[in-house]
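Under UniProt numbering, the letters of the sequence shown match residues 1 to 228, in that order. Report on one structure; see the data block that follows.
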Amino acid sequence: MNQSLDLESYRFKAIIFDCDGTLVDTASLHFEAFKHALALQGKSLDKSWYLSRTGLSAGKLLQAFERSFACHVDVDMTIRDSEAAYTASVENVCEFSDVADVARLYSKQIPTAVASGGQRISVTRTLTASGLIAVFDHVITIDDVEEGKPSPALFLEAASRLTTAPRDCLVFEDTDEGVEAARRAEMQCIDVRRHRSVGSTRQDGANVPEPSIQLSDRTKRNASDTRT
Numbered sequence: 001m002n003q004s005l006d007l008e009s010y011r012f013k014a015i016i017f018d019c020d021g022t023l024v025d026t027a028s029l030h031f032e033a034f035k036h037a038l039a040l041q042g043k044s045l046d047k048s049w050y051l052s053r054t055g056l057s058a059g060k061l062l063q064a065f066e067r068s069f070a071c072h073v074d075v076d077m078t079i080r081d082s083e084a085a086y087t088a089s090v091e092n093v094c095e096f097s098d099v100a101d102v103a104r105l106y107s108k109q110i111p112t113a114v115a116s117g118g119q120r121i122s123v124t125r126t127l128t129a130s131g132l133i134a135v136f137d138h139v140i141t142i143d144d145v146e147e148g149k150p151s152p153a154l155f156l157e158a159a160s161r162l163t164t165a166p167r168d169c170l171v172f173e174d175t176d177e178g179v180e181a182a183r184r185a186e187m188q189c190i191d192v193r194r195h196r197s198v199g200s201t202r203q204d205g206a207n208v209p210e211p212s213i214q215l216s217d218r219t220k221r222n223a224s225d226t227r228t
């Protein structure tokens, strides 16, 4: 179901985008990477369990894994092995064109940033592989703050680097943790899940969100071609 999004109903001077699941479709790639890394330690990873926690940083995800399954994992080793596995497959990443197009359009007009709970090396490689790295003024990752989402730290750091008050920032997010982080940062937030419908199903059984956000004609008209 396509939904026309009128950004003129918001008042913002900068936009902050989550990366995984918002700008790019990486859920299955990250799942396979974590599955591989945990298998090296004799652990199995359920896909539905993982997909319900994609808003967590790697560290928090693995802490939740230990609590849920009453086991111990080598967190540093798991992160290192998962990053290696993800890097091997990152060239297969695809953008969500609806939000990526918003980023391209507004980056010509106002400051933009990515604020992701992922590791810097992973986020940078993802944005590079998708061709989006040059769109943003700043890329903030879990390596830049003490806490991941739902803490507001990532978004507040992004606002600081964009020299924009939090209340003047608009966030695009796709997880409960991310939406809560934006709320705590006192930022406006668009939950892209409310504007996307489930599209096709992959061979691995994953439901793929349909990139169906459409900007209203008014938003397109008012988005200038050059930053003022």
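Idealized CB from N, CA, C, for every residue including glycine. In this text the structure is predicted, and so the values were computed from the model without any measurement.
Where the beta strand (DSSP E) through residue i begins and ends
i, result
"Ile15", "14–17"
Interface flag, residue i vs chain C, CB-CB below 7 angstroms
i, result
"Lys43", "Note that chain C does not occur in the displayed structure, where there is just one protein chain."
Residue i burial status per 10 Å Cβ neighbour count (16 or more: buried)
i, result
"Ser130", "buried"
"Ile196", "Note that residue 196 is Arg in the sequence shown, not Ile. Buried, because 16 or more other Cβ atoms sit within 10 Å of the Cβ of Arg196."
"Gln41", "exposed"
"Ile121", "exposed"
"Cys189", "buried"
"Glu173", "buried"
"Asp18", "buried"
"Ser200", "Note on Ser200: pLDDT 38, under 50, position unreliable in the model; the coordinate value appears next. Per the 10 Å Cβ criterion, exposed."
"Ala182", "buried"
"Arg194", "exposed"
"Glu8", "exposed"
"Tyr106", "buried"
Three-state secondary structure assigned by DSSP to residue i
i, result
"Leu170", "strand"
"Val90", "helix"
"Asp76", "helix"
"Leu51", "helix"
"Leu5", "strand"
"Asp191", "strand"
"Ala33", "helix"
"Asp81", "helix"
"Ser28", "helix"
"residue 241", "There is simply no residue 241 to check, as the chain begins at 1 and stops at 228 in what is shown."
"Ala206", "Reliability fails at Ala206, whose pLDDT of 47 lies under 50, so the model's placement of it is uncertain and the value that follows must be treated cautiously. Reduced to three states, the DSSP call for Ala206 is coil."
"Leu45", "coil"
"Tyr10", "coil"
Under 7 angstroms between C-beta atoms of residue i and residue j
i, j, result
"Ala39", "Asp81", "no"
"Leu162", "Pro111", "yes"
"Phe69", "Lys47", "no"
"Phe136", "Val114", "yes"
"Phe12", "Asp191", "no"
"Val93", "Thr26", "yes"
"Val90", "Arg125", "yes"
"Leu62", "Thr87", "no"
"Val99", "Thr22", "yes"
"Ala134", "Phe155", "no"
"Ser116", "Thr141", "yes"
First and last residue of the uninterrupted alpha helix (DSSP H) at residue i
i, result
"Gln63", "58–69"
"Leu23", "Unbroken run through Leu23: none, as it is neither H nor E."
Runs of alpha helix (DSSP H) lying entirely within the region 93–181, each at least 4 residues, in chain order:
For the alpha helix (DSSP H) assignment, the uninterrupted runs of no fewer than 4 residues enclosed by the region 93–181 are, from N- to C-terminal side, 97–107, 120–130, 153–161.
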